[in-house]
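In numbering that gives the first Met the number 0, the protein residues as written are 0 to 555. Glycine is no exception: its CB is placed at the ideal position from the N, C-alpha and C atoms. The structure appears right after this line, and notes come after that.
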Amino acid sequence: MGAPSTPGYPQRLAALPLADRRLLTSMAGVALAALAVGIAGGLATALARAGLLDIVPATGYRFLTVHGVSIFFYWLFVAQAALLLAFSATEDDQGLAWRRVAWAGFALMLGGFGLSMAGAQIGTPLLYNGAPELAADDPRGLLVFSSGYLLLGLGLMVLPACAITTLLTPRWQGRQERLSAVGFALFVWAGFLIVTGFAALYAFVPSVLWALGAGPFPAGQGTSWHIVFHNMHYLPLMATVILWYVLMQVLTGVKSVFGERFSKIVFSMYLVFVPPTSLYHMFLEPDLPGVVRVAGSLLSLFVSVPTLTAFLIIVASLEVHARRHGGRGLFGWIRLLPWRHPSMAAIGVAVLSMGLGLVFAFVLIQGELAPLLSDTFFVPGYFHFFTVGTVSLTLLAALAVVLPAIGGRAIWRPGLLRWMPWLAFAGLLVFGVAGIAAGYLGVPRRVIDVAYQGQAPALWQGLMAAVGVGGTLMALALTIFAAGLALSLLPRRGRDPVQGSMPLATWGGGALPPGASAWVGPVSVLAIVAAMYAFSALAFELMRSLPITAAGGAGH
Ligand code: HEM
Numbered sequence: 000m001g002a003p004s005t006p007g008y009p010q011r012l013a014a015l016p017l018a019d020r021r022l023l024t025s026m027a028g029v030a031l032a033a034l035a036v037g038i039a040g041g042l043a044t045a046l047a048r049a050g051l052l053d054i055v056p057a058t059g060y061r062f063l064t065v066h067g068v069s070i071f072f073y074w075l076f077v078a079q080a081a082l083l084l085a086f087s088a089t090e091d092d093q094g095l096a097w098r099r100v101a102w103a104g105f106a107l108m109l110g111g112f113g114l115s116m117a118g119a120q121i122g123t124p125l126l127y128n129g130a131p132e133l134a135a136d137d138p139r140g141l142l143v144f145s146s147g148y149l150l151l152g153l154g155l156m157v158l159p160a161c162a163i164t165t166l167l168t169p170r171w172q173g174r175q176e177r178l179s180a181v182g183f184a185l186f187v188w189a190g191f192l193i194v195t196g197f198a199a200l201y202a203f204v205p206s207v208l209w210a211l212g213a214g215p216f217p218a219g220q221g222t223s224w225h226i227v228f229h230n231m232h233y234l235p236l237m238a239t240v241i242l243w244y245v246l247m248q249v250l251t252g253v254k255s256v257f258g259e260r261f262s263k264i265v266f267s268m269y270l271v272f273v274p275p276t277s278l279y280h281m282f283l284e285p286d287l288p289g290v291v292r293v294a295g296s297l298l299s300l301f302v303s304v305p306t307l308t309a310f311l312i313i314v315a316s317l318e319v320h321a322r323r324h325g326g327r328g329l330f331g332w333i334r335l336l337p338w339r340h341p342s343m344a345a346i347g348v349a350v351l352s353m354g355l356g357l358v359f360a361f362v363l364i365q366g367e368l369a370p371l372l373s374d375t376f377f378v379p380g381y382f383h384f385f386t387v388g389t390v391s392l393t394l395l396a397a398l399a400v401v402l403p404a405i406g407g408r409a410i411w412r413p414g415l416l417r418w419m420p421w422l423a424f425a426g427l428l429v430f431g432v433a434g435i436a437a438g439y440l441g442v443p444r445r446v447i448d449v450a451y452q453g454q455a456p457a458l459w460q461g462l463m464a465a466v467g468v469g470g471t472l473m474a475l476a477l478t479i480f481a482a483g484l485a486l487s488l489l490p491r492r493g494r495d496p497v498q499g500s501m502p503l504a505t506w507g508g509g510a511l512p513p514g515a516s517a518w519v520g521p522v523s524v525l526a527i528v529a530a531m532y533a534f535s536a537l538a539f540e541l542m543r544s545l546p547i548t549a550a551g552g553a554g555h
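Here it is in structure tokens:
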């Protein structure tokens with residue numbers, strides 16, 4: 000087991016050249032702005048669907064478009080790009096190579112954000128998949144909207160070149176023999192971002208050409224969208240696992256007990272498992288042969304392999320370490336983690352949310368259940384466990400370490416901020432459980448008013464009201480957490496001392512405590528599997544009790 004590296008990440012971030020810190024500050028500022036706009040759109044949609052905000056459906060769809068586009072495409076990807084650069088720059092302590100390339104990539108992404116947001120205001124709201132069918136009569140909005148995604152795609156192809164050059168320079172200069180496990184993970188992450196950028200170009204160029212009158216109607220956009228969406232869906236999960244790996248070193252000083260090589264193998268598994276599994280998004284397409292659909296359904300199981308393995312590595316390493324320092328009982332060691340640090344609280348909630356999200360995801364990918372649930376509120380009900388609970392809170396946890404270090408300010412009110420992930424989790428449980436129950440009972444997704452002139456079951460509106468309440472709590476908690484972090488970026492004279500190696504006692508961690516066996520990882524995976532069976536059985540029971548059969552599309 001490795002000792003904490005000295006100096007730690009916070010000191011290395013604080014010591015980056017000013018020009019790097021300026022770039023990272025600008026990127027973090029834009030990412031947080033995209034999060035704020037996205038939260039506003041999500042809250043308005045949740046309140047409208049709850050019947051608490053009276054707006055015409057078209058306005059509701061505009062909010063939903065703004066929500067999906069700003070939060071899913073720009074918050075998640077600008078934040079990932081910023082964190083990729085920040086951690087790549089600290090690998091060799093020489094700062095960023097090819098910084099101008101990074102600025103160019105960032106400028107493209109920012110331009111994309113502006114165009115996508117403008118496009119969301121023109122003509123029919125296109126939702127975040129920018130379906131060309133909705134713009135058949137008036138392609139102007141589609142042109143502006145899809146051009147935004149083209150710039151984002153180009154930015155995602157350009158910017159990671161800076162991270163890759165930064166990571167490889169020490170090898171080219173003969174100062175390093177091989178990449179560290181983190182360096183390797185960052186390298187994979189950068190490569191994946193480039194592929195995703197390319198997929199976005201591939202999917203949206205035909206729409207732009209058609210809108211310009213230079214190409215045929217993009218009838219195949221739906222299929223390309225599945226591939227982009229698939230990459231964009233799993234990449235943040237891979238990023239999450241890499242960030243947990245890094246943040247556990249920052250917060251506890253613990254490195255993997257399985258060694259660097261094993262971690263590298265796990266990170267490279269994403270390259271093997273993720274691309275082919277994009278088939279699974281198509282397994283509801285009625286025109287595809289049965290064998291492709293079955294293969295898609297099976298492949299979608301594999302995609303959780305690297306995520307669960309990395310999760311096991313991290314939990315087992317922490318447990319072995321804690322037990323060597325006196326941690327007792329199955330869960331006693333968990334108390335020794337530094338829970339008073341907002342970043343630790345966010346990771347704790349991220350892990351819990353991932354467990355719940357995986358359980359429901361496995362229910363959804365079962366061939367029998369998918370057609371019944373896929374166009375219902377079950378889908379947004381379960382995937383917010385990933386998008387809010389797992390991915391967004393992990394990105395915020397990382398920013399809670401990076402921003403105070405590069406901004407030269409101590410983290411703002413950690414005593415308040417550390418409760419925000421838990422408040423978000425409370426909101427998420429209400430939103431997710433009510434949303435999933437609503438989905439089981441047939442409430443459709445992407446329908447702003449589900450009253451159906453009073454014909455809909457009364458329970459539908461009650462469950463959607465709970466979705467509105469849970470959504471409000473999530474929005475409030477994420478806003479306070481993000482605003483608190485943004486304060487670290489404000490200019491100031493002088494610098495606070497860097498909260499460097501973060502002595503555990505400062506943040507509520509005990510002396511990390513005999514025995515070297517680790518059980519919580521395997522036990523939690525077993526619990527997840529048991530819960531998957533329970534929820535699938537429940538779904539089948541509910542299905543039998545319904546007097547209808549349903550067919551759904553594979554749209555996300
Ligand atoms: C923080 C508070 C949030 C609230 C209140 C919220 C609320 C909602 C609601 C009500 C929907 C509409 C579901 C429907 O009508 O079908 C939705 C959809 C969605 N949300 Fe969120 N959400 C939040 C955060 C997030 C985050 C952080 C992400 C991603 C990082 C995210 C990604 C999405 C996506 C991709 C959709 C699907 C959009 C579509 O079907 O067009 N949400 N959200």
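Counting along the chain, residue 43 sits inside the alpha helix (DSSP H) bounded by residues 17-48. Excluding its 5 nearest sequence neighbours in each direction, residue 18 has C-beta neighbours in its own chain below 7 Å: 98, listed in chain order. Looking at the backbone, the Cα of residue 398 and that of residue 476 are separated by about 16 Å.
DSSP places residue 435 in the uninterrupted alpha helix (DSSP H) bounded by 419-439. Residue 357 sits buried, since 16 or more C-beta atoms from the chains shown fall within 10 Å of its C-beta.
The ligand HEM has a heavy atom closer than 7 Å to the beta-carbon of residue 71.
When 402, 79 and 269 are compared, the shortest CA-CA separation from residue 307 is found for 269. The beta carbon of residue 42 sits closer than 8 Å to those of 470, 471 and 474, all from its chain and outside the five residues before and after it, given in chain order. Its Cα nearest to that of residue 344, the residue 424 stands out among 67, 424 and 457. Beta-bridge analysis with DSSP links residue 386 to no other residue. Here residue 159 is near residue 193, since their CB atoms are less than 8 Å apart. Between the ligand HEM and residue 405, a heavy atom-to-CB distance of less than 7 Å is absent. Between the C-alpha atoms of residue 313 and residue 83 there is a straight-line separation of about 20 Å. Between residue 119 and residue 65, the gap from beta carbon to beta carbon is short of 8 Å.
Nearest to residue 132 by C-alpha distance, out of 359, 205 and 156, is 205. In the DSSP secondary-structure assignment, residue 443 is bridged to 375. Residue 468 has its alpha-carbon roughly 37 Å from the corresponding atom of residue 318.
Taking C-alpha positions only, residue 401 is separated from residue 78 by approximately 11 Å. Here residue 444 is buried: its Cβ has 16 or more other Cβ atoms, across all protein chains shown, within 10 Å. Counting of Cβ neighbours within 10 angstroms places residue 437 among the buried residues, the total reaching 16 or more. Taken from the Cβ of residue 477, at least one heavy atom of the ligand HEM lies inside 7 Å. Shown here, residue 158 sits in coil according to DSSP, grouped into three states, outside any helix or strand. Shortest Cα-Cα distance from residue 388 to any of 351, 362 and 413 involves 351. Along the length of the segment 83-119, whole alpha helix (DSSP H) runs at least 4 residues long occupy 98-118, reported in chain order. In the DSSP assignment, residue 230 falls within the unbroken alpha helix (DSSP H) covering 220-251.
The Cβ neighbour count for residue 452, taken over all protein chains shown within 10 Å, is under 16; the residue is labelled exposed. In the assembly as shown, residue 92 is an exposed residue. Its beta-carbon has fewer than 16 other beta-carbons within 10 Å. Between the beta-carbon of residue 341 and that of residue 251 there is about 15 Å, and that puts the pair past the 8 Å contact cut.
Boundaries of the alpha helix (DSSP H) harbouring residue 188: 180-210, taken from the DSSP string. Take residue 103, set aside five residues on each side of it, and the residues of its chain with a beta-carbon closer than 7 Å to its own are 157, in chain order. Per DSSP, reduced to three states, the secondary structure at residue 55 is coil, with no helix or strand assignment. Straight-line measurement puts the Cα of residue 433 at about 48 Å from the Cα of residue 167. In the structure shown, the three-state DSSP call for residue 449 is coil. Taking 7 Å as the cut-off, the C-beta of residue 391 counts as close to a heavy atom of the ligand HEM. Residue 11: member of the alpha helix (DSSP H) spanning 8-13, first to last residue. Across the structure, residue 483 and residue 489 are spaced so that their CA atoms are roughly 11 Å apart.
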